[in-house]
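So in the numbering used here the end of the sequence shown lands on 583, straight run, no missing numbers. Just so it is clear, CB atoms sit at the ideal spot from N, CA and C, and this is done for glycine as well. Since the structure comes first, as structure tokens, the remarks are kept for the end.
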Amino acid sequence: MLSRLTRPQALAVCALPVVALIATAVFAPLPFSLAQPGLTANVLGDNKGTPVITISGAKTRHTSGQLRMTTIEATNPDAHVSLGDVISAWFATDRAVMPHDSVYPSGQSTKEIEQHNSAQMKQSQNAATRAALDYLHLSDKKVKVTLKLADVGGPSAGLLFTLGIIDKLDGNGSGGDLTGGRTIAGTGTIDGDGTVGAVGGVALKTQAARRDGATVFLVPKAECSDAKSELPKGLRLVPVTTLKGAVNALLALETGKGSVPSC
């Protein structure tokens, strides 16, 4: 003979699967990565005791001011990200929720991802050197540029590498600094022809830049909207699409002559 459940008992039995599903959703790993503002590095200076930019075959100049490349710091490729983590990060201004595959190539091991990022960094450095020397009308057969930046991968420092090479070799073209003595930060890929490309995590990079003293941030024009979304006070956005445009904007900032683009 079957006993009949009371209403509270029936509700409790029905609620068990729902509770189990919620618990599973909360604690199950999700296909997301969590990111926050990462390190910045002055490409005109040293990184871990080694100059970021070393040039031979041409006379270099002493620089003042800073050109700081920016990064984001993401959870490890194999990190467990739960629903609770996602909800917490979603409402934080200094963290972001990003699809895992937008941060790390899918189907690759941690070692393969590190190798991929290192390869991208090397390609970015080569493109930065070509773009800078072409801009200055110098031959890469006579001028050798070595770029070293420990513990950083990917292509997003390309623009700042290029500007750093130009500042060390030619400054503003009139004996002064390309930075005008300011702390300039930014992000963006660079092609050998000087085209600036978009990158990810710009809103977090602006926070890292301001934290480390920057007052101006060079941003790929296509990402102005993202950069403005969490823009720290005291940081001026300057959108760029080409190397020439970036240099002209910095010269206009320094001299007060000409227009400086804005987002």
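| Query | Result |
| --- | --- |
| May I ask which residues mark the beginning and end of the beta strand (DSSP E) holding LEU538? | 536-540 |
| What number of angstroms, rounded off, separates the C-alpha of ARG415 from the C-alpha of VAL516? | 26 Å |
| Just tell me which of VAL463, GLY385, LYS462 has its CA closest to the CA of ASN362. | GLY385 |
| Along the alpha helix (DSSP H) that carries GLU550, what are the first and last residues, could you check? | Careful: GLU550 lies outside any alpha helix (DSSP H) and carries neither H nor E. |
| Using a 10 Å radius around the Cβ and a threshold of 16 neighbouring Cβ atoms, would you call GLY369 buried or exposed? | exposed |
| Could you tell me the boundaries of the beta strand (DSSP E) in which VAL567 lies? | Premise fails: VAL567 lies in the alpha helix (DSSP H), 563-575, not in any beta strand (DSSP E). |
| Using the three-state DSSP reduction, which class does ASP366 fall into: helix, strand or coil? | strand |
| Starting from MET389, follow its DSSP beta bridges and name the residues at the other end. | ALA361, GLY506 |
| For LEU571 and VAL539, what's the separation of their Cα atoms in angstroms? | 16 Å |
| To the nearest angstrom, how far is the alpha carbon of ASN492 from that of LEU498? | 4 Å |
| Can you name the start and end residues of the alpha helix (DSSP H) that VAL522 belongs to? | 522-531 |
| With ARG388 and THR413 assumed to form a contact (beta carbons below 8 Å), what rounded beta-carbon distance in angstroms separates them? | Not confirmed; about 21 Å, so no contact. |
| Using alpha carbons as the reference points, say which of GLY365, GLU434, LEU489, GLY521 lies closest to SER464. | It should be pointed out that residue 464 corresponds to Lys in this sequence rather than to Ser. Cα-wise, what sits closest to LYS464 is LEU489. |
| Counting pairs of Cβ atoms below 8 Å between the region 434-441 and the region 463-478, do you hit three or more? | yes |
| Kindly indicate the opening and closing residues of the beta strand (DSSP E) around THR374. | 373-376 |
| Counting along the chain, where does the beta strand (DSSP E) carrying LYS464 start and finish? | 464-467 |
| Between which residues of its own chain and ALA452 is the CB-CB distance below 7 Å, once the five residues before and five after are set aside? | THR482, ILE485, ILE486 |
| Given a cut-off of 8 Å on the beta-carbon distance, is the pair GLY576 and ILE392 in contact? | no |
| On a CA-only basis, which of LYS468, ILE373, THR449 is nearest SER459? Give me that one, please. | THR449 |
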